[in-house]
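Engineer: Residue numbers (the working numbering), protein chains in the order written: chain D, 57 to 650; chain A, 109 to 412. Think of the CB as a built atom: it goes at the ideal place given N, C-alpha and C, for glycine as much as any other residue.
#1: What separation, rounded to the nearest whole angstrom, lies between the Cα atoms of residue 477/D and residue 346/D?
#2: In whole angstroms, what separates the C-alpha of residue 641/D from that of residue 174/A?
#3: With 7 Å as the limit, tell me which residues of the region 185-214 of chain A have their beta carbon closer than that to any beta carbon of chain D; keep them in chain order.
#4: Taking only beta-carbon atoms, is residue 371/A less than 9 Å away from chain D?
#5: Spatial neighbours of residue 395/A within its chain, please: CB distance less than 6 Å, with the 5 preceding and 5 following residues excluded, ordered by chain position.
#6: Chain A partners of residue 134/D, CB-CB under 7 Å?
#7: Along the alpha helix (DSSP H) that carries residue 554/D, what are the first and last residues, could you check?
#8: Could you please tell me which residues of the region 349-362 of chain D, in chain order, have their CB closer than 7 Å to any CB of chain A?
#9: Excluding the five sequence neighbours on either side, which residues of its own chain have a C-beta within less than 7 Å of the C-beta of residue 345/A, listed in chain order?
#10: Only counting the same chain, and skipping five residues up and downstream in sequence, which positions put a Cβ closer than 6 Å to that of residue 253/D?
#11: Hey, residue 212/A and residue 341/A: beta-carbon distance below 9 Å or not?
#12: Using beta carbons (cut-off 9 Å, strictly below), is residue 492/D in contact with chain A?
#13: Does DSSP classify residue 468/D as helix, strand or coil?
#14: Taking Cβ positions only, does residue 282/A come closer than 9 Å to chain D?
#15: Which residues in chain B have a C-beta closer than 9 Å to the C-beta of residue 374/A? List them in chain order.
#16: How far does the beta strand (DSSP E) with residue 297/D in it reach, from first residue to last?
#17: I think residue 155/D touches residue 176/D, with their Cβ atoms under 8 Å apart; what is that distance to the nearest whole Å?
#18: For residue 268/D, which residues of its own chain have a beta-carbon under 8 Å away from its beta-carbon, when the five flanking residues on both sides are left out?
#19: Please compile the residues from chain D whose C-beta is within a distance smaller than 8 Å of the C-beta of residue 400/A.
#20: In angstroms, rounded to a whole number, what distance separates the CA positions of residue 256/D and residue 186/D?
#21: Could you say which of 381/A, 319/A and 272/A lies nearest to residue 354/A if we only look at CA atoms?
#22: Run the CB neighbour count on residue 167/A, radius 10 Å, all protein chains shown included, and call it buried at 16 or more, exposed below.
#23: Given a cut-off of 9 Å, decide if residue 377/D and residue 480/D are closer than it, judged by their beta-carbon atoms.
#24: Write down the C-beta distance between residue 208/A and residue 177/A rounded to the nearest angstrom, noting that I regard them as a contact closer than 8 Å.
#25: Quick test of your reading: residue 324/A and residue 287/A, contact by CB under 8 Å. State the CB separation rounded to the nearest angstrom.
#26: Of all the options 505/D, 320/D and 485/D, which has the alpha carbon lying nearest to the alpha carbon of residue 631/D?
#27: Between residue 639/D and residue 349/D, what straight-line distance do the alpha-carbon atoms span, to the nearest angstrom?
#28: Is it a yes or a no for the region 597-604 of chain D touching the region 355-373 of chain D, going by three-plus beta-carbon pairs under 8 Å?
#29: Quick check on residue 496/D - is its C-beta less than 9 Å from some C-beta in chain A?
#30: Against chain A, which members of the region 405-434 of chain D pass a CB distance test of less than 7 Å?
#31: Where are the alpha helix (DSSP H) runs, 4 residues long or more, that stay fully inside the region 256-338 of chain A, in chain order?
#32: Can you tell me which of the three DSSP states residue 93/D falls into?
#33: Please determine, among 200/D, 167/D and 355/D, the residue with the shortest C-alpha to C-alpha distance to residue 489/D.
#34: Please confirm if residue 376/D has its CB atom under 9 Å from at least one CB of chain A.
#35: Please identify, using Cβ separations under 8 Å, the residues of the region 156-182 of chain A that lie next to chain D, in order along the chain.
#36: Going by DSSP in three states, residue 380/D sits in which element: helix, strand or coil?
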């Protein structure tokens with residue numbers, strides 16, 4: 057699954073999340089990407105304004121009792137990919153964000169609960185504290201006054217303005233300008249106050265400026281594609297960049313002037329570049345490295361009963377789901393939202409499919425009970441409504457199908473009016489967890505009289521675009537399966553996946569990701585409202601309506617939440633999991649208990 | 109044996125007519141030599157056992173190959189499951205046997221296809237010579253130059269992956285060696301006196317090719333075929349390994365082996381058995397090929 061993450065860059069569109077460029081990639085991702093970039097505007101320090109010193113030691117391991125953090129030592133983190141560069145605006149790799157988390161900082165970033173907390177900003181602007189105007193179009197951000205760049209220069213509002221200039225400079229191949237494009241102006245009010253004026257209200261405005269670049273490091277030019285900085289970043293984060301030996305390692309060392317007093321604890325962090333995850337695991341076992349970034353679910357049991365190693369496995373944001381096509385899957389009308397899928401356009405069939413799948417057994421057996429059953433496109437965070445998990449009721453499903461006129465034939469497969477309930481079922485080929493889940497689901501649905509034919513294709517084809525003739529874009533599929541996630545602000549993701557204007561067609565050149573071809577006027581209204589009001593409470597209520605409509609439509613059947621999995625020696629302490637950000641988002645709190 | 113036998117056999121087409129007059133026909137002699145190749149005999153036994161067990165899979169194993177049982181995931185071999193269970197609790201032996209049908213069928217049929225294409229092309233090129241030969245051999249060169257694994261991946265992506273397409277694709281990309289060998293044999297044989305004699309007697313080209321030339325070139329063809337079977341099985345494995353082979357839940361030895369890779373330390377049986385099957389088949393087929401090569405080598409005709 058390593059390479060799969062690379063598709064994410066296609067999804068730029070959905071980037072609502074796009075605080076940091078890294079942020080947007082994940083949004084739709086086709087794939088697993090546990091620690092996907094969506095995760096967040098980069099930034100590091102965990103307890104920004106308030107927080108007292110003693111690390112937020114929600115030690116993931118039931119291991120050693122975490123006492124007071126010890127200072128000193130070196131941690132080696134194995135990464136099986138090498139960042140192409142360390143400039144957040146030119147790089148969308150998750151691994152790039154992992155390394156940058158140690159070095160760079162941003163204005164605001166999400167904490168593990170999905171709340172926005174200030175990092176380099178003094179507070180999170182809101183209508184209550186006067187930071188956000190009533191129409192939401194003017195945002196005033198106050199900055200911390202005690203922050204220094206790694207080279208000793210003070211961090212000021214001019215850096216924000218410069219960063220904006222970099223993002224909008226047409227000579228830069230930046231990964232996304234979503235959100236920034238909606239800005240009319242960025243004005244420096246004084247050294248520590250900056251005002252953002254938007255042309256139109258942009259709901260996920262708090263995700264903007266998730267990383268800040270130092271204006272002084274570029275000699276005044278906003279054209280940064282070839283800047284030396286891209287391989288030698290200067291930041292405000294807990295660790296300073298030391299060296300990068302390509303193909304071998306990237307070293308960072310303690311920033312003594314870090315703006316959170318008493319942190320970080322480690323002297324040095326070395327990102328060791330390994331040829332594969334497996335090599336990283338081998339080195340973790342021998343103690344050559346202390347942490348391995350990004351494992352796959354199937355590797356979890358490899359560490360069962362290990363005395364020295366903890367597996368950090370936590371439900372991430374991505375929700376593995378079935379995507380059902382409501383339009384005709386073949387012929388002239390394929391993908392035409394006005395046409396009807398002979399089987400899947402019947403809501404009773406879709407309901408029966410959900411009732412016929414035992415999601416719990418998939419979670420318990422194939423994911424070792426380490427994750428949660430999926431029920432909603434927004435699994436967690438401020439916008440996540442409580443949606444009950446669907447029941448596993450094959451008898452109810454059979455009755456539903458019987459009553460709807462789907463009668464079993466001699467082979468046990470149901471049919472109605474000449475349409476046989478035989479459906480192709482595609483996901484990315486070569487992905488073992490997915491293939492296992494497919495076979496379990498195939499058997500379960502056979503039991504209720506629906507036949508699935510597995511026809512997997514490489515991820516580049518499955519998750520391709522209109523131009524690639526991908527089945528999902530052209531509507532030439534029955535059931536697809538992949539993972540995607542809404543990011544910290546679900547606006548772009550939900551809109552692009554479920555709004556009726558986002559159905560890919562010849563007319564719009566395949567724009568949008570409403571692959572299921574869902575058209576629901578009430579849902580459209582809820583999504584539009586959620587994206588256009590500044591009041592967070594109203595947005596939350598609108599998302600609840602939207603999510604309920606999506607779940608009821610069953611055009612996506614949510615199976616389970618993907619896991620973020622990393623491995624570490626038990627003496628690595630102080631880490632917390634943040635589904636919105638990548639490993640190392642709280643690297644300033646890590647310490648060594650040895 | 110004697111030089112007399114050598115002399116007697118050499119110019120003669122290996123046809124039924126000559127066999128009738130000879131005390132021991134070339135096929136009998138070949139079988140005698142083959143019989144002495146013990147490894148080849150063992151190979152034949154192994155292949156027969158594997159093929160029979162696979163064909164009779166339903167009789168040999170009471171389990172259904174795709175019936176999952178998540179309560180018995182990755183059980184070690186026991187009396188109930190002699191080869192253990194896989195990661196979905198399916199009986200591994202049932203999957204090995206049913207997978208054998210796929211792997212062996214892909215191997216044998218892909219090679220049959222390859223040998224048919226290869227012999228035809230080689231025969232025409234070798235017999236006709238001239239520009240036809242040139243054209244066909246450039247086609248062979250072109251096909252050899254194609255990086256076949258990428259072509260396989262491309263075709264598997266476009267046409268999907270049913271056993272039939274796999275057979276067509278693998279067979280369609282593995283015939284060039286046979287074509288070259290058959291052409292080589294034909295080039296040498298067509299200048300020989302007995303061919304000239306046949307031609308003088310007014311035999312049609314088809315008759316000359318089928319009755320006189322092909323039987324003499326059968327040795328290299330059979331050898332190429334046996335060796336090709338192992339190659340085809342391994343190709344299916346590697347396609348399965350890339351996720352482009354047989355689709356789940358159908359088992360093949362290749363995809364079983366691929367699925368075992370990340371649980372090898374926990375459940376080694378899931379890797380050992382399919383690996384062993386591929387290993388045994390390839391080894392057995394290679395020994396049989398060896399035995400056939402020795403048995404059918406015309407230069408060895410008199411030597412034992």
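Structural biologist: On the basis of the data shown:
#1: 51 Å
#2: 43 Å
#3: So the close ones are 195 and 196.
#4: yes
#5: Only residues of its own chain outside the window of five on either side were considered, and among them 147, 148 and 151 have a CB closer than 6 Å to the CB of residue 395/A, listed in chain order.
#6: The contacting residues do not exist; residue 134/D stays about 17 Å from chain A at best.
#7: 547-554
#8: Hits within the stretch, in order: 354, 355, 357 and 358.
#9: 361, 362, 365 and 386
#10: 194, 240 and 241.
#11: Going by C-beta atoms, residue 212/A is nearer than 9 Å to residue 341/A.
#12: For residue 492/D, the answer is yes, since a Cβ of chain A falls inside 9 Å of its Cβ.
#13: coil
#14: At a cut-off of 9 Å between beta-carbon atoms, residue 282/A makes no contact with chain D.
#15: No chain B appears in this structure, whose protein chains are D and A.
#16: 295-301
#17: Not a contact, Cβ separation roughly 19 Å.
#18: 160, 161, 162, 163, 176, 211, 215, 216, 219 and 292
#19: Near residue 400/A there are no residues of chain D at all, since even the closest Cβ is about 37 Å away, more than 8 Å.
#20: Straight-line Cα distance between these residues: approximately 19 Å.
#21: Checked all of 381/A, 319/A and 272/A; the closest Cα to residue 354/A is 272/A.
#22: Classified as exposed, residue 167/A has fewer than 16 neighbouring CB atoms from the shown chains inside 10 Å of its CB.
#23: no
#24: In this structure, residue 208/A and residue 177/A do not form a Cβ contact; the two beta carbons are roughly 22 Å apart against a cut-off of 8 Å.
#25: Contact flag wrong, Cβ pair sits at about 17 Å.
#26: 320/D
#27: 7 Å
#28: For the pair of segments examined, the region 597-604 of chain D was found not to touch the region 355-373 of chain D: the number of CB pairs separated by less than 8 Å stays below three.
#29: For residue 496/D, at least one C-beta of chain A is nearer than 9 Å to its own C-beta.
#30: 417 and 421
#31: 256-267, 271-280, 284-297 and 301-308
#32: Per-residue confidence for residue 93/D stands at a pLDDT of 35, beneath the threshold of 50, marking its modelled position as unreliable; no derived number is given.
#33: 355/D
#34: With 9 Å as the cut-off, residue 376/D does not count as an interface residue toward chain A.
#35: Of all residues in the region 156-182 of chain A, only 174, 175, 176, 178 and 181 come within less than 8 Å of chain D when Cβ atoms are compared, listed by chain position.
#36: strand
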